[in-house]
Amino acid sequence: MQTESINVDTIVDNWNADNSFLIEILQDVQEQYHYIPKDVAEKLSEDLDVPLSYIFHIATFYKGFSLEPRGKHPICVCTGTACHVKGGARILDNVMRDLGVSKEGQATRDMLFSVESVRCLGCCGLAPVVTVGDEVYARSSSLKVKKIINKIRRKEQS
Ligand code: FES
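Residues are numbered in our numbering as their position in the sequence shown, beginning at 1, plus a constant of 49.
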């Protein structure tokens with residue numbers, strides 16, 4: 050599948066096609082497509098004169114990037130020690146079941162959500178912690194996350 054290149058051109062132009070802003074450019078691509086499509090990575094490699102292997106290295110090194118389509122509202126469930134003790138793994142299982150996804154990182158059919166575990170979000174005192182998009186939810190629970198998902202679904206459908 051060929052991804053529309055007009056948006057990629059705009060993103061590259063916004064950063065003056067300067068490859069020292071590769072991470073920022075990849076962040077914009079991730080935000081636009083919810084992942085880094087292969088054809089976009091190839092185009093960036095050409096436009097920015099950066100080896101494709103380096104783009105893939107960056108895209109796989111940083112957790113914020115994905116080479117697979119993610120949902121519009123990515124959910125991260127912390128399963129670090131403090132959150133694990135307070136039920137993080139159970140929340141992860143329940144959220145995956147509620148969303149009907151069988152593996153971490155897989156987007157829902159409507160492409161609204163994807164869920165994955167993370168190892169410590171750096172706010173262990175608030176365990177168990179879940180993030181949905183940019184929002185951080187402290188002392189979370191499966192029910193709390195389910196309500197957030199339903200709220201976002203209603204908003205997206207209105
Ligand atoms: S272990 Fe979950 S925030 Fe640190």
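Even glycine gets a Cβ: it sits at the ideal position worked out from N, Cα and C.
Note that the structure is a prediction, hence the values are computed from the model and not measured.
Here the distance from the Cβ of L170 to the nearest heavy atom of the ligand FES is below 7 angstroms. About 5 angstroms separates the beta carbons of T180 and C125, which is inside the 8 angstroms limit, making them a contact pair. The residue among S191, V164, G171 with its C-alpha nearest the C-alpha of N143 is S191. Short note on T130: C-beta closer than 7 angstroms to some heavy atom of the ligand FES. Non-local beta-carbon contacts of G171 in its own chain, meaning distances under 6 angstroms to residues more than five positions away in sequence, are absent. Taking the Cβ of V178 as the reference point, at least one heavy atom of the ligand FES falls within a distance shorter than 7 angstroms. Between the alpha carbons of K121 and K200 lies a distance of about 14 angstroms. Straight-line spacing of the CA atoms in P123 and V164 works out to 6 angstroms. For the 8 angstroms CB-CB criterion, D98 and N68 form a contact. The Cβ-Cβ distance between G174 and S115 does not fall below 8 angstroms.
For F105, the enclosing alpha helix (DSSP H) covers residues 101 to 110. Straight through space, the alpha carbons of D96 and A66 are spaced by roughly 7 angstroms.
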